[in-house]
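Below: one structure, written as structure tokens.
2 protein chains.
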Amino acid sequence: MALPDNGPALDLEHFLPYRLSVLSNTVSSALAGAYARRFGLTIPQWRVLAVLARTPGLSAAAVGERTAMDKVAVSRAVTGLARARRLRRVLAAKDRRRSVLTLTASGQRVYERIVPLARAYERRLVAELTPDERAQFETWLGRLQKRAWLLGPAGDSRV
Amino acid sequence: MALPDNGPALDLEHFLPYRLSVLSNTVSSALAGAYARRFGLTIPQWRVLAVLARTPGLSAAAVGERTAMDKVAVSRAVTGLARARRLRRVLAAKDRRRSVLTLTASGQRVYERIVPLARAYERRLVAELTPDERAQFETWLGRLQKRAWLLGPAGDSRV
DNA sequence: CCGTGTTAGTTGCAGTTGCAACTATAATGC
DNA sequence: GCATTATAGTTGCAACTGCAACTAACACGG
Numbered sequence: 033m034a035l036p037d038n039g040p041a042l043d044l045e046h047f048l049p050y051r052l053s054v055l056s057n058t059v060s061s062a063l064a065g066a067y068a069r070r071f072g073l074t075i076p077q078w079r080v081l082a083v084l085a086r087t088p089g090l091s092a093a094a095v096g097e098r099t100a101m102d103k104v105a106v107s108r109a110v111t112g113l114a115r116a117r118r119l120r121r122v123l124a125a126k127d128r129r130r131s132v133l134t135l136t137a138s139g140q141r142v143y144e145r146i147v148p149l150a151r152a153y154e155r156r157l158v159a160e161l162t163p164d165e166r167a168q169f170e171t172w173l174g175r176l177q178k179r180a181w182l183l184g185p186a187g188d189s190r191v
Numbered sequence: 033m034a035l036p037d038n039g040p041a042l043d044l045e046h047f048l049p050y051r052l053s054v055l056s057n058t059v060s061s062a063l064a065g066a067y068a069r070r071f072g073l074t075i076p077q078w079r080v081l082a083v084l085a086r087t088p089g090l091s092a093a094a095v096g097e098r099t100a101m102d103k104v105a106v107s108r109a110v111t112g113l114a115r116a117r118r119l120r121r122v123l124a125a126k127d128r129r130r131s132v133l134t135l136t137a138s139g140q141r142v143y144e145r146i147v148p149l150a151r152a153y154e155r156r157l158v159a160e161l162t163p164d165e166r167a168q169f170e171t172w173l174g175r176l177q178k179r180a181w182l183l184g185p186a187g188d189s190r191v
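The listed protein sequences correspond, in order, to chains D and V. Taking the working numbering, the leading residue of the first sequence gets 33, the next gets one more, and so forth. Taking the working numbering, the leading residue of the second sequence gets 33, the next gets one more, and so forth.
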């Protein structure tokens, strides 16, 4: 018995990155299913939609920053949304590399119909926790996120 | 002012599924980078490896259950690992549809070299929390996971 | 202005993933 | 013992993703 402390024996069920990934996938695919079935949206598209509904007129790069998506993903999501007439893309007057993205009325409507669904799901999920617990959980989640960004790739052990 | 309560206005930054997804992606890609660069493993492969190191002799389906991967993903991960001689695949005597999966010595060694890396990363990540906070966080994570499994697809509002 | 470098966004290609169809084996019912 | 149904695992195809190369537009120094 008595395995070396940091030696072998790592159970996935107790490995935080694994648990985060499983939860995130469970939740995301539950939501993605709903977006897709009902509104023909992918998750990236929903993210772009959500950001633009709150802050119209952003450029693709700005959307990328706020959604943690890379520019290719944003570009494709925007193309899809534009084709479906959910948003308009206009070249910026001052800098014609940029485009100014705004939801159409139809895009805005889709957003407004999804929000209650998304909220309802989230509410049912976190009903598992008391409001205090939830607040605490989210705080820690935020701290872990900051730390994860700071750490960068594993094994680049310069810490 | 005073928007309708469950009406518009949903900021991604405060939307739990989104935050989980960002954190999980940050962490997973940090680790994936390390696995890939150093050992030529993908994340699914690492998961299969980790399960088999702890419980040799499982079938592909059994591995799937313990890793929350679907059978196609398992199949491909296993194929890759077998090609790299990290594991052996033998038809089960009693039921020749099944195969019995066992790590080779080389597979076991890879596992043993990854574990400390994985642990080190995890340790640096959760250093953000005190041990008590961490324990609490993981409990809640577990509760949320159970709830998420229970809920199923969003919008199938039969709850 | 004109070359050099930089930034915004798109596109091509290669690798991955997921779903459905398929093969092979096993279990069940008559 | 044979037809039906179910299960384990693989494979084909289509969609998605990520990276690198590319185009277009701007910025800046000479």
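Note that the Cβ used here is the ideal one computed from N, Cα and C, for glycine as well.
Candidates the options: closest to residue i by CA position
| i | options | result |
| --- | --- | --- |
| Arg98 of chain D | D:Val83, D:Ala68, D:Ala105, D:Val110 | D:Val83 |
| Leu44 of chain V | D:Val95, D:Val110, D:Leu48 | D:Val95 |
| Arg156 of chain V | D:Arg108, D:Ala152, D:Thr162, D:Lys178 | D:Lys178 |
| Ser60 of chain V | V:Tyr153, V:His46, V:Pro163 | V:Tyr153 |
| Arg70 of chain V | V:Asp164, V:Arg145, V:Ser107 | V:Arg145 |
Cβ pair residue i, residue j closer than 7 Å
| i | j | result |
| --- | --- | --- |
| Val132 of chain V | Val142 of chain V | no |
| Ala105 of chain D | Pro76 of chain D | yes |
| Arg51 of chain D | Leu55 of chain V | no |
| Gly65 of chain D | Pro185 of chain V | yes |
| Arg130 of chain V | Ser91 of chain V | yes |
Status (buried if at least 16 other CB within 10 Å, exposed otherwise) for residue i
| i | result |
| --- | --- |
| Glu160 of chain V | buried |
| Ser53 of chain V | buried |
| Thr58 of chain D | buried |
| Gly139 of chain V | buried |
| Ala180 of chain D | buried |
| Leu182 of chain V | exposed |
| Ala124 of chain V | exposed |
Same chain, Cβ closer than 6 Å to residue i, five either side skipped, listed in chain order
| i | result |
| --- | --- |
| Arg166 of chain D | Val158 |
| Leu176 of chain D | none |
| Leu113 of chain D | Gln77, Leu119 |
| Leu48 of chain D | none |
| Arg79 of chain D | Thr99 |
| Thr74 of chain V | none |
| Thr87 of chain D | none |
| Ala109 of chain V | Pro76, Gln77, Val80 |
Same chain only: Cβ atoms within 7 Å of residue i, ignoring 5 sequence neighbours per side
| i | result |
| --- | --- |
| Ala93 of chain V | Lys103 |
| Ala150 of chain D | Leu63 |
| Ala85 of chain V | Leu135, Gln140, Tyr143 |
| Met101 of chain V | Pro76, Arg79 |
| Phe169 of chain D | Leu161 |
8 Å CB neighbourhood of residue i in its chain, flanking five on each side removed
| i | result |
| --- | --- |
| Pro36 of chain V | Low local confidence applies: a pLDDT of 38 at Pro36 of chain V is under 50, so the model's placement there is unreliable, and no value is given. |
| Ala68 of chain D | Thr74 |
Expected contact under 8 Å - CB spacing of residue i and residue j to nearest Å
| i | j | result |
| --- | --- | --- |
| Leu42 of chain D | Val147 of chain V | 5 Å |
| Thr13 of chain V | Gly89 of chain V | Within the shown structure, residues of chain V are numbered from 33 to 191, placing residue 13 of chain V beyond reach of any answer. |
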